[in-house]
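Everything below concerns the one structure shown next.
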Amino acid sequence: MWTWIKLGGRNLLKNKRRSAFTVGAVALGFAAVNVFGGFTAYVYRGIEDGFIYAHANGHLTIFKKGFLEEGALDPASFLLSEEDLARIHEVCMEDPRVVLATPQLRISGMISNGKSSVIFLGVGRVPSDEIAIRRRAGGFVKLLRPFDGQELRDDTKQDVSAAPGLAEKLGLGLGSDAIVFAPTIDGQMNALDAHIVQLVDSPDEVLADKILIVPLEFARSLYDTTGADRMTVLIEHTRDTAAVREALDVRLAAAGLDVEIKTWQELRVSYFKIRNMFDVIFIFIFVIVFIIVLLSVVNTVGMAVVERTREIGTMRSLGLKRRGVLIMFAAESAVMALVGCVLGLALTLLAVFALDLAGPTWIPPTITRRVPLQVYLVPEYLLLSLLCLILLAMCTAVVPARRAARIDIVDALGHV
Amino acid sequence: MPLVKLQKVTRRYRLGQTSVTAVEDVDIEIDRGEFVALWGPSGSGKSTLCNLVGCIDLPSSGSVEVNGRNVADLSDDALSEHRNLSVGFVFQQFNLVPVLTALENVMLPLNLRGVAAREARAHAIDLLAELGIADFMAHRPDKLSGGQRQRVAIARALVGKPALVIADEPTANLDSGNALRIVSLMGQLNKSHGTTFIFATHDQRLLDRVSRRILLADGRVVEDTTQAGAR
Numbered sequence: 001m002w003t004w005i006k007l008g009g010r011n012l013l014k015n016k017r018r019s020a021f022t023v024g025a026v027a028l029g030f031a032a033v034n035v036f037g038g039f040t041a042y043v044y045r046g047i048e049d050g051f052i053y054a055h056a057n058g059h060l061t062i063f064k065k066g067f068l069e070e071g072a073l074d075p076a077s078f079l080l081s082e083e084d085l086a087r088i089h090e091v092c093m094e095d096p097r098v099v100l101a102t103p104q105l106r107i108s109g110m111i112s113n114g115k116s117s118v119i120f121l122g123v124g125r126v127p128s129d130e131i132a133i134r135r136r137a138g139g140f141v142k143l144l145r146p147f148d149g150q151e152l153r154d155d156t157k158q159d160v161s162a163a164p165g166l167a168e169k170l171g172l173g174l175g176s177d178a179i180v181f182a183p184t185i186d187g188q189m190n191a192l193d194a195h196i197v198q199l200v201d202s203p204d205e206v207l208a209d210k211i212l213i214v215p216l217e218f219a220r221s222l223y224d225t226t227g228a229d230r231m232t233v234l235i236e237h238t239r240d241t242a243a244v245r246e247a248l249d250v251r252l253a254a255a256g257l258d259v260e261i262k263t264w265q266e267l268r269v270s271y272f273k274i275r276n277m278f279d280v281i282f283i284f285i286f287v288i289v290f291i292i293v294l295l296s297v298v299n300t301v302g303m304a305v306v307e308r309t310r311e312i313g314t315m316r317s318l319g320l321k322r323r324g325v326l327i328m329f330a331a332e333s334a335v336m337a338l339v340g341c342v343l344g345l346a347l348t349l350l351a352v353f354a355l356d357l358a359g360p361t362w363i364p365p366t367i368t369r370r371v372p373l374q375v376y377l378v379p380e381y382l383l384l385s386l387l388c389l390i391l392l393a394m395c396t397a398v399v400p401a402r403r404a405a406r407i408d409i410v411d412a413l414g415h416v
Numbered sequence: 417m418p419l420v421k422l423q424k425v426t427r428r429y430r431l432g433q434t435s436v437t438a439v440e441d442v443d444i445e446i447d448r449g450e451f452v453a454l455w456g457p458s459g460s461g462k463s464t465l466c467n468l469v470g471c472i473d474l475p476s477s478g479s480v481e482v483n484g485r486n487v488a489d490l491s492d493d494a495l496s497e498h499r500n501l502s503v504g505f506v507f508q509q510f511n512l513v514p515v516l517t518a519l520e521n522v523m524l525p526l527n528l529r530g531v532a533a534r535e536a537r538a539h540a541i542d543l544l545a546e547l548g549i550a551d552f553m554a555h556r557p558d559k560l561s562g563g564q565r566q567r568v569a570i571a572r573a574l575v576g577k578p579a580l581v582i583a584d585e586p587t588a589n590l591d592s593g594n595a596l597r598i599v600s601l602m603g604q605l606n607k608s609h610g611t612t613f614i615f616a617t618h619d620q621r622l623l624d625r626v627s628r629r630i631l632l633a634d635g636r637v638v639e640d641t642t643q644a645g646a647r
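Chains as they are written, first to last, in my numbering: chain X, 1 to 416; chain Y, 417 to 647.
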């Protein structure tokens, strides 16, 4: 095989211009696929981290069974009691992969400035747990501060955070006071004073004038309960999400808890929509690259076959089998693709470096603030595109090489 | 058993709508160690006969037997193996691989055979030294003279220790001095290695040195003579 690789390399150098065209096509294709792939990885990471960390939803959420289907109509029946929450917390924390388990309570009602009121959709969280979750973010989300104002605190129950749109509707701002109304779980109307200390980014545009984030104790007081409707679980590594869910499912059932677990992907439905969209674009780019590489290799190998017909005849007369002719041209194409991929890797690194240096910013999906535009280097994509392009080049070379292998030896030796 | 046996061999080619008979009803037997020239005017069928004996072409009718095996019964892979193991070719145009050095060209048949690189290299260097061109082994063909290229081609033909070397007009592209050196070199190799040589030629210098001359005309054998004291 070394003989064919050596022969391939030298023939590449012999026809520099033609080889340069094909190597360039492979290099640009490799760079295009990996720069776009790296960009999509960055976007996916942003969506993941935005949901899991920036908006403090964690990797897993534990509900009382049936909550997601019927909880909206009968929230009281589907609340997790204080005892349930304590047992769930205990079971979760037994798994070494779990970093944190914290209760949350979704609330809804009206918020008023004293003159007018609007509907809000809120969530009650333990402020210190929310901060702990946010601090574990990686990538650009780590740099993101998704609010203006100050952090909510465990010891100041009345301090709340409102979406800017919600505050604007009521003419409120940082430092303003408001009144929050909601029915308790028993159906009695309840009202609490609130002090806006934070204006928080909404994960979705439709919620930009509805979100209210309050300390868990505030939400519990408003609903007059000691329970919560969910337990948010943060784990060490996102890749372990499915495994931890499986393990917790078994353990929680064994503990006699009638609960169900949802992963962050199941709750963040738009993640897959965005991902599918980028995947389609990625496939589109890959197909274009595929066609360009295919045509370049067919052209290069086809011309090499014509130019080297006599050489093929000589090799065949020396004992090279037909299969050997295929291997010879496939190896030559593989060398060409490998050189192209190495060049493509250099182009990809250059693009990533240039982007880091230029530091452009943008507002990605599900995030409302400008963040640095980045392209990640994804080893899996790099390796996969390297293998795909080499395999593609080798397979493509087989078409003209088959023609070469079938050339009559006597005719080939007489070829001028 | 003769090394090569041709019985009633005919080879026809199609040239457009017409059929051309290059060789017709040829019966030849060649034994091991012979130093044979096929000669005759252009178009007499010398090269076609070389191709048939070298198993790079098959007869339209009749049989070509090498070591008692009819080559028509062999698959393409088996023919390739046979050529690699038992036949060496020397071409008029040398036909060296341009991107390989002289040494790498000589190693090529052994590479195809799967011989370990170190062993192939040692054999090739020995042979290049024997042919007096060891100093040029790192040169590519375009940096060699015609005579040097033909020596490399001869080394390549001999490196696999084939029973038979077929040389089609080996001196046609060489000047007089180089032609004489190549002819005497092949004579020596025939003696020292016991290799059978079959030439297609009309070079009188070569014809004077062969032990057997087969004259062809219009694709038929017209004369088959042996001459003592040649080489």
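Cβ coordinates follow ideal geometry from the N, Cα and C atoms, glycine included.
Note the first and the last residue of the continuous beta strand (DSSP E) segment covering residue i.
| i | result |
| --- | --- |
| Tyr429(Y) | 420 to 431 |
| Lys262(X) | 259 to 263 |
| Pro578(Y) | Per DSSP, Pro578(Y) belongs to no beta strand (DSSP E) and is neither H nor E. |
| His195(X) | 189 to 200 |
| Gln158(X) | Premise fails: Gln158(X) is in no beta strand (DSSP E) and is neither H nor E. |
Could you tell me which of the options sits nearest to residue i, measuring between CA atoms?
| i | options | result |
| --- | --- | --- |
| Gln509(Y) | Ser460(Y), Thr464(Y), Arg565(Y) | Arg565(Y) |
| Lys14(X) | Thr300(X), Ala27(X), Glu94(X), Leu338(X) | Thr300(X) |
| Ile444(Y) | Val425(Y), Gly459(Y), Glu520(Y), Leu528(Y) | Val425(Y) |
| Val531(Y) | Val482(Y), Arg621(Y), Gly576(Y) | Gly576(Y) |
| Leu192(X) | Asp224(X), Phe147(X), Gly9(X), Leu73(X) | Asp224(X) |
| Glu246(X) | Val98(X), Ala27(X), Leu12(X) | Val98(X) |
| Arg226(X) | Glu307(X), Arg369(X), Gly124(X), Glu69(X) | Inspection of the sequence shows that residue 226(X) is occupied by Thr rather than by Arg. Comparing Cα-Cα distances from Thr226(X) to each of Glu307(X), Arg369(X), Gly124(X), Glu69(X), the minimum goes to Gly124(X). |
| Leu343(X) | Thr22(X), Thr156(X), Ala41(X) | Thr22(X) |
| Tyr44(X) | Tyr376(X), Leu382(X), Glu380(X) | Tyr376(X) |
| Asp447(Y) | Ser608(Y), Ala633(Y), Ala579(Y), Leu590(Y) | Ala579(Y) |
Taking the beta carbon of residue i as the centre, do at least 16 other beta carbons fall within 10 Å, making it buried, or is it exposed?
| i | result |
| --- | --- |
| Gly313(X) | buried |
| Asn527(Y) | buried |
| Phe284(X) | exposed |
| Trp362(X) | exposed |
| Thr611(Y) | buried |
| Thr434(Y) | exposed |
| Ala86(X) | exposed |
| Ala641(Y) | For the record, residue 641(Y) in the displayed sequence is Thr; it is not Ala. It counts as exposed. |
| Asp129(X) | buried |
| Asn276(X) | exposed |
| Asn486(Y) | exposed |
| Cys395(X) | exposed |
| Met417(Y) | exposed |
| Arg153(X) | exposed |
| Ile107(X) | buried |
| Glu205(X) | exposed |
| Ala178(X) | buried |
Can you name the residues of chain X whose CB is closer than 8 Å to the CB of residue i?
| i | result |
| --- | --- |
| Pro457(Y) | Per Cβ cutoff of 8 Å: no residues; Pro457(Y) is ~19 Å from chain X at best. |
In chain X, which residues lie less than 9 Å from residue i when you measure between Cβ atoms?
| i | result |
| --- | --- |
| Pro525(Y) | Leu318, Gly319 |
| Phe615(Y) | Within 9 Å Cβ-Cβ: nothing; Phe615(Y) doesn't reach chain X, min ~16 Å. |
With residue i as the anchor, note down where its alpha helix (DSSP H) starts and where it stops.
| i | result |
| --- | --- |
| Glu380(X) | 379 to 405 |
| His89(X) | 82 to 94 |
| Val305(X) | 269 to 307 |
Along chain Y, in chain order, which residues have C-beta atoms closer than 8 Å to that of residue i?
| i | result |
| --- | --- |
| Glu311(X) | Asn511, Val513, Pro514 |
| Leu7(X) | Val513, Val515, Leu516 |
| Thr361(X) | None at all; the shortest Cβ gap to chain Y is about 51 Å. |
| Thr40(X) | Neighbours of Thr40(X) on chain Y: none; closest Cβ ~41 Å, over 8 Å. |
| Thr238(X) | Per Cβ cutoff of 8 Å: no residues; Thr238(X) is ~49 Å from chain Y at best. |
List, in order along the chain, the chain X residues whose C-beta lies closer than 7 Å to that of residue i?
| i | result |
| --- | --- |
| Asn467(Y) | Val410 |
| Ile472(Y) | Ser317, Ile409, Val410 |
Anything in chain Y within Cβ reach of residue i, meaning under 7 Å, just list it in chain order.
| i | result |
| --- | --- |
| Asn11(X) | Val515 |
| Arg322(X) | Asp492 |
| Thr3(X) | Asn527 |
What does residue i touch in chain Y if you count any residue whose Cβ is under 9 Å from its own?
| i | result |
| --- | --- |
| Thr263(X) | Ordered by position in chain Y, no residue passes the 9 Å Cβ test against Thr263(X), which lies about 55 Å from the chain. |
For this session: Note down, in chain order, all residues in the segment 476 to 499 of chain Y with a beta-carbon under 7 Å from any beta-carbon belonging to chain X.
Result: Asp492, Asp493, Ser496, Glu497, Arg499
Problem set entry | Members of the segment 523 to 550 of chain Y that neighbour chain X once the beta carbon cut-off is set at 9 Å | Met523, Leu524, Pro525, Asn527, Leu528, Arg529, Ala533
For this session: Mind checking the segment 13 to 33 of chain X against chain Y and listing, in chain order, the residues whose C-beta falls within less than 7 Å of any C-beta there?
Result: Lys14
For this session: Scan the segment 375 to 400 of chain X for residues whose Cβ lies nearer than 8 Å to a Cβ of chain Y and list them as they occur along the chain.
Result: none
Problem set entry | Selection of the segment 550 to 563 of chain Y by Cβ proximity to chain X, strictly under 7 Å | none
Problem set entry | Short-range partners of chain Y found in the segment 333 to 349 of chain X, where Cβ spacing is below 9 Å | Hits within the stretch: zero.
For this session: With 8 Å as the limit, tell me which residues of the segment 285 to 304 of chain X have their beta carbon closer than that to any beta carbon of chain Y; keep them in chain order.
Result: none
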